[in-house]
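Numbers in this note's numbering are just positions in the sequence shown, counted from 1, shifted up by 10.
Step one of this worksheet: look at the structure below.
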Amino acid sequence: MPENPTRPATAAYLTARGFCLTSAAWMMMATLVGFIAALELVAPDLTANISWLLFSRLRPIHVNLVLFGFVTPGLLAGAFYFVPRLLRTELYSEKLGIVTVILWNMALVATMVTLAAGLTQGREYAEMIWPIDAGIVTAFCLIFFNFIMTVKHRNEKILYVSVWYALAAVALTTCTYCLGNVVWKPDSGSLTGIPDAILLWFYGHNVFGLLLTPLSAAAAYYIIPQVCRSPLYSHTLSLLGFWSLIVIYTHIGTHHLLQVPVPTWLKVVAIVDSIAMVIPVMAFLINIWYTARGKLGLIHGDIGGKFIFTGTIMYFIVSILGSLMALPDVQRVTHFNHWVVGHAHIGVLGFSGMIALGGLYFIIPRITGKPLFSLFLADLQYWMILIGVSGFAIVLTISGLIQGHAWLNGETVYRVLSEIHIYNIIRAALGLLIFLSAVSGFYNIFRSVFSNPGENP
Ligand code: HEM
Ligand code: HEM
11 MPENPTRPAT AAYLTARGFC LTSAAWMMMA TLVGFIAALE LVAPDLTANI SWLLFSRLRP
71 IHVNLVLFGF VTPGLLAGAF YFVPRLLRTE LYSEKLGIVT VILWNMALVA TMVTLAAGLT
131 QGREYAEMIW PIDAGIVTAF CLIFFNFIMT VKHRNEKILY VSVWYALAAV ALTTCTYCLG
191 NVVWKPDSGS LTGIPDAILL WFYGHNVFGL LLTPLSAAAA YYIIPQVCRS PLYSHTLSLL
251 GFWSLIVIYT HIGTHHLLQV PVPTWLKVVA IVDSIAMVIP VMAFLINIWY TARGKLGLIH
311 GDIGGKFIFT GTIMYFIVSI LGSLMALPDV QRVTHFNHWV VGHAHIGVLG FSGMIALGGL
371 YFIIPRITGK PLFSLFLADL QYWMILIGVS GFAIVLTISG LIQGHAWLNG ETVYRVLSEI
431 HIYNIIRAAL GLLIFLSAVS GFYNIFRSVF SNPGENP
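Structure follows, in structure tokens:
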């Protein structure tokens, strides 16, 4: 899709700027918490039972801050830039956008404070208590309203696939968030027994499948053709990928519960559709990779394109791993151990986190009208994250295999701890690298958005 030549590149884009800073700031906090949690796995007595630093409190803080503090706002920053541009109009309301950014940040602060204080619903990815849920759902509704009104006032008849993905991600997540957090039961935020587990993982999986994946795809579909200066390989394929993602991804949450007494038919649906995920995944990847065919030099020369293209390779890896992990025979080894944590970091950091950062570095020069404060720092962050996440993948997979085979042989947890100790140390060291990359990234993004001495290009 061509850029709109009539729109000044220096238009305010206040909402996009707000989400850029949100993402960069919370990435620092989230990775710091992840790093402390990793240190505790190396030295369990490190924080000597300070209640708010217990591993059980740090873990949900880390996970929720990476998902809702770093990755989602990073991807939303991109969407707040490209949705109006693709529709050849202004964002419906920048004021509403800024209110949304403030509300979003208030919810994140409340998340951190309440989880540290031990106030939790105790359900993975749905830990936040009801008032925070209300804030998050309101923020999603405001974003959807802003986007849909922008669509209504558009000057472009055709809705490019990135607009489809961005709108679907926000609309569907509003619904699945309410379902997964059982918002109609504010006191517990849960059902009971097996139905609760099924509903929770329907939602938990959709955080990746219907929020992070479509927002990441939206950014890649917009940015890769721009960087390659060529049209998208196939619009038909992009819509096939969109609809197959919506149809298939919504059915596979139960692959998290293969070891649980849920109905067998539900497990079969989840396993079959986990394999069928190859359709939307490859439809997306073939489209992006064919668009970039012969243009790798251009991608290498653009920091945003570089992050995003690497993100697509990580998507390929995480999806192959995911489909394999959904096979019961494989999951007997990979469940309940570091293998899954490795898969999670390849997906959330390697795929959507990389694409979120790529989106930020692509849009910042365009929303400020100036080059990045430091291309060197952005490139450094790229390499630090690539080394960090590849290292995570290797050490967590190895230690997961050690743990998984130990469980199969009836070994007890404590006897395996010494065998995976070295991997926990390497993982903490790699985590420090990623945290430092987040600090340098925040400095670079803050300076680029607020106090950039660079000249207009
Ligand atoms: C074809 C695509 C994918 C399939 C079939 C798939 C499959 C799976 C399976 C079977 C598990 C559960 C493993 C277990 O508990 O034993 C899992 C966990 C997970 N997946 Fe994926 N995955 C896919 C893509 C992704 C992507 C793209 C992301 C990130 C954006 C992601 C993030 C995660 C995370 C964070 C977990 C850990 C959940 C937990 O806390 O237990 N996955 N995946
Ligand atoms: C922005 C980058 C990061 C993202 C997107 C991310 C994402 C995640 C996710 C989705 C999980 C849940 C995994 C699961 O349940 O299977 C997780 C867990 C975890 N992450 Fe990260 N993470 C990031 C950086 C880090 C860093 C730098 C460290 C430091 C070493 C770290 C350490 C951990 C630890 C210790 C856990 C808990 C694993 C467990 O329960 O055994 N993460 N992270």
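Just so you know, even glycine gets a beta-carbon here, dropped at the ideal spot from N, CA and C.
Given the structure is predicted, the values throughout are model-derived calculations rather than measurements.
Measure the Cβ-Cβ separation of Gly441 and Gly368 and say whether it is below 8 Å.
Position 431 of the sequence shown, counting from 1, holds the residue named residue 441. Position 358 of the sequence shown, counting from 1, holds the residue named residue 368. The answer is no: Cβ separation not under 8 Å.
Just checking Phe445 against ligand 2 - is the residue's beta carbon closer than 7 Å to any of the ligand's heavy atoms?
Counting from one through the sequence shown, the residue named residue 445 turns up at place 435. Answer for Phe445: yes, Cβ within range of ligand 2.
Using 8 Å as the threshold, is the stretch 26 to 40 in touch with the stretch 55 to 75, meaning 3 or more CB pairs across them?
yes
By alpha-carbon positions, which one of Tyr170, Thr274 and Met138 ends up nearest to Tyr187?
In the sequence shown, counting from the first residue as 1, residue 187 sits at position 177. Ranking the options by Cα distance to Tyr187, first place goes to Met138.
What is the DSSP secondary structure of Ala19, reduced to helix, strand or coil?
For this step, residue 19 is matched to residue 9 along the sequence shown. Only weak support exists for where Ala19 lies, its pLDDT of 45 falling under 50; the value from the coordinates is given anyway. Here Ala19 sits in coil by DSSP.
Count the other CB atoms within 10 Å of the CB of His431; is the residue buried (16 or more) or exposed (fewer)?
In the sequence shown, the residue the question calls residue 431 occupies position 421. It is exposed - the Cβ of His431 has fewer than 16 other Cβ atoms within 10 Å.
Look up Ile195 in the DSSP assignment and say whether it is helix, strand or coil.
For the purposes of this step, residue 195 is identified with residue 185 of the sequence shown, where counting begins at 1. The amino acid at residue 195 is misidentified as Ile; the sequence shows Lys. Coil at Lys195, not helix or strand.
Would you check whether ligand 2 has a heavy atom nearer than 7 Å to the C-beta of Val180?
As a working mapping, residue 180 is identified with position 170 in the sequence shown. For Val180, the shortest separation between its Cβ and any heavy atom of ligand 2 does not lie below 7 Å.
Measuring CA to CA, which of Leu42, Asp143 and Ala22 is closest to Pro94?
The residue you call residue 94 lines up with position 84 of the sequence shown. Comparing Cα-Cα distances from Pro94 to each of Leu42, Asp143 and Ala22, the minimum goes to Ala22.
Between which two residues does the alpha helix (DSSP H) holding Asn59 run?
To locate residue 59, count along the sequence shown from 1; it is residue 49. That residue, Asn59, is in no alpha helix (DSSP H); it is neither H nor E in DSSP.
Is Leu222 near ligand 1, in the sense that its beta carbon is under 7 Å from a heavy atom of that ligand?
Position 212 of the sequence shown, counting from 1, holds the residue named residue 222. Result yes, Cβ under 7 Å from ligand 1.
State the DSSP-derived secondary structure class of Glu429, mapped to helix, strand or coil.
Locating residue 429 in the sequence shown gives position 419, where the first residue counts as 1. In the structure shown, Glu429 sits in a helix (DSSP, three-state: H, G or I).
Is Val354 close to ligand 2? I mean its beta-carbon at under 7 Å from any heavy atom of the ligand.
As a position in the sequence shown, residue 354 is number 344, starting the count at 1. Sequence check: residue 354 is Ala here, not Val. Indeed, a heavy atom of ligand 2 lies less than 7 Å from the Cβ.
For a quick check, are the C-beta atoms of Ala26 and Ala87 less than 8 Å apart?
Within the sequence shown, the letter at position 16 stands for residue 26. Within the sequence shown, the letter at position 77 stands for residue 87. Yes, the Cβ-Cβ distance between Ala26 and Ala87 is below 8 Å.
How long is the line joining the alpha carbons of Ile168 and Gly311, rounded to whole angstroms?
As a first step, residue 168 must be located in the sequence shown, where it is residue number 158. As a first step, residue 311 must be located in the sequence shown, where it is residue number 301. C-alpha separation (whole angstroms): 30 Å.
Once the 5 residues before and after Val180 are set aside, which same chain residues still bring their CB inside 7 Å of it?
What you label residue 180 is simply residue 170 of the sequence shown in a count that begins at 1. Only Phe150, Ile153, Phe154 and Phe157 meet the Cβ criterion.
According to the Cβ coordinates, are Val81 and Ser362 closer than 8 Å?
Taking the sequence shown and counting its residues from 1, one reaches residue 81 at position 71. Taking the sequence shown and counting its residues from 1, one reaches residue 362 at position 352. Going by C-beta atoms, Val81 is nearer than 8 Å to Ser362.
How would you write the range of the alpha helix (DSSP H) that Tyr371 sits in, first residue to last?
To locate residue 371, count along the sequence shown from 1; it is residue 361. Its alpha helix (DSSP H) spans residues Met364 to Thr378.
Does the Cβ of Glu166 lie closer than 7 Å to at least one heavy atom of ligand 1?
Start at 1 with the first residue of the sequence shown, and residue 166 comes out as number 156. Result no, Cβ not under 7 Å from ligand 1.
Answer yes or no: the CB of Val43 versus the heavy atoms of ligand 1, is any distance below 7 Å?
To locate residue 43, count along the sequence shown from 1; it is residue 33. Val43 Cβ: outside cutoff for every heavy atom of ligand 1.
In chain order, what residues of the same chain have a beta carbon less than 7 Å from the beta carbon of His163, not counting five sequence neighbours either side?
As a first step, residue 163 is located in the sequence shown; it is residue number 153 there, counting from the start. Result list for His163: Thr99 and Tyr102, in chain order.
Between Thr32 and Trp114, is the Cβ-Cβ spacing less than 8 Å?
Counted from its first residue, the sequence shown places residue 32 at position 22. Counted from its first residue, the sequence shown places residue 114 at position 104. Contact: yes.
Might you give, ordered along the chain, the residues of its own chain that have their beta carbon closer than 7 Å to the beta carbon of Thr20, omitting 5 neighbours on each side?
To locate residue 20, count along the sequence shown from 1; it is residue 10. Summary for Thr20: the model assigns pLDDT 42, below 50, so the residue's position carries little reliability; its value from the coordinates is reported in the next sentence. Excluding positions up to five away in sequence, the list reads Gly379.
Please return the same chain residues whose Cβ sits closer than 6 Å to the Cβ of Tyr453, not counting the five positions on each side in sequence.
The residue labelled residue 453 in the question sits at position 443 within the sequence shown. Here Tyr453 has no same chain residue with a Cβ atom under 6 Å from its own Cβ, once five neighbours each way along the sequence are excluded.
Helix, strand or coil: how does DSSP classify Pro271 here?
Position 261 of the sequence shown holds residue 271. The answer is coil: DSSP assigns Pro271 none of H, G, I, E or B.
Between the C-alpha atoms of Pro381 and Ser458, what's the straight-line distance to the nearest angstrom?
The residue given as residue 381 occupies position 371 in the sequence shown. The residue given as residue 458 occupies position 448 in the sequence shown. Going by the C-alpha atoms only, they are around 8 Å apart.
What is the rounded straight-line gap between the Cα of Pro18 and the Cα of Pro196?
Locating residue 18 in the sequence shown gives position 8, where the first residue counts as 1. Locating residue 196 in the sequence shown gives position 186, where the first residue counts as 1. Any answer about Pro18 is weak, because its pLDDT of 45 lies below 50 and its placement is not dependable; what the coordinates show is given next. Cα to Cα, the separation comes out at about 46 Å.
Using alpha carbons as the reference points, say which of Ser172, Leu443, Val173 and Ala207 lies closest to Leu189.
As a working mapping, residue 189 is identified with position 179 in the sequence shown. Comparing Cα-Cα distances from Leu189 to each of Ser172, Leu443, Val173 and Ala207, the minimum goes to Ala207.
Measure the C-alpha to C-alpha separation of His355 and Leu242 and round it to an integer number of angstroms.
On the sequence shown, position 345 is the one that residue 355 refers to. On the sequence shown, position 232 is the one that residue 242 refers to. Their backbone Cα atoms lie some 29 Å apart in a straight line.
On the DSSP letters alone, give me the boundaries of the alpha helix (DSSP H) that Gly415 sits inside.
Looking up residue 415 in the sequence shown gives position 405. Sequence inspection shows His at residue 415; the Gly mentioned does not correspond to that position. Leu385 to Leu418 is the extent of the alpha helix (DSSP H) around His415.
For Asp143, report the span of its alpha helix (DSSP H) as first-last.
The sequence position of residue 143 within the sequence shown is 133, counting from 1. Looking at the DSSP string, the run of the alpha helix (DSSP H) that includes Asp143 is Trp140 to Lys162.
In terms of alpha-carbon separation, which member of Tyr392, Arg69, Ala230 and Pro463 lies closest to Ser9?
Because the chain in this structure spans residues 11 to 467, residue 9 falls outside the shown range and cannot be described.
Would DSSP call Gly219 helix, strand or coil?
As a first step, residue 219 is located in the sequence shown; it is residue number 209 there, counting from the start. Reduced to three states, the DSSP call for Gly219 is helix.
Output needed for Phe372: all residues of its chain with C-beta closer than 6 Å, excluding positions within five of it in sequence on either side, in chain order.
Stepping through the sequence shown from its first residue, residue 372 is reached at position 362. Same-chain partners within the cutoff: Ile233 and Gly314.
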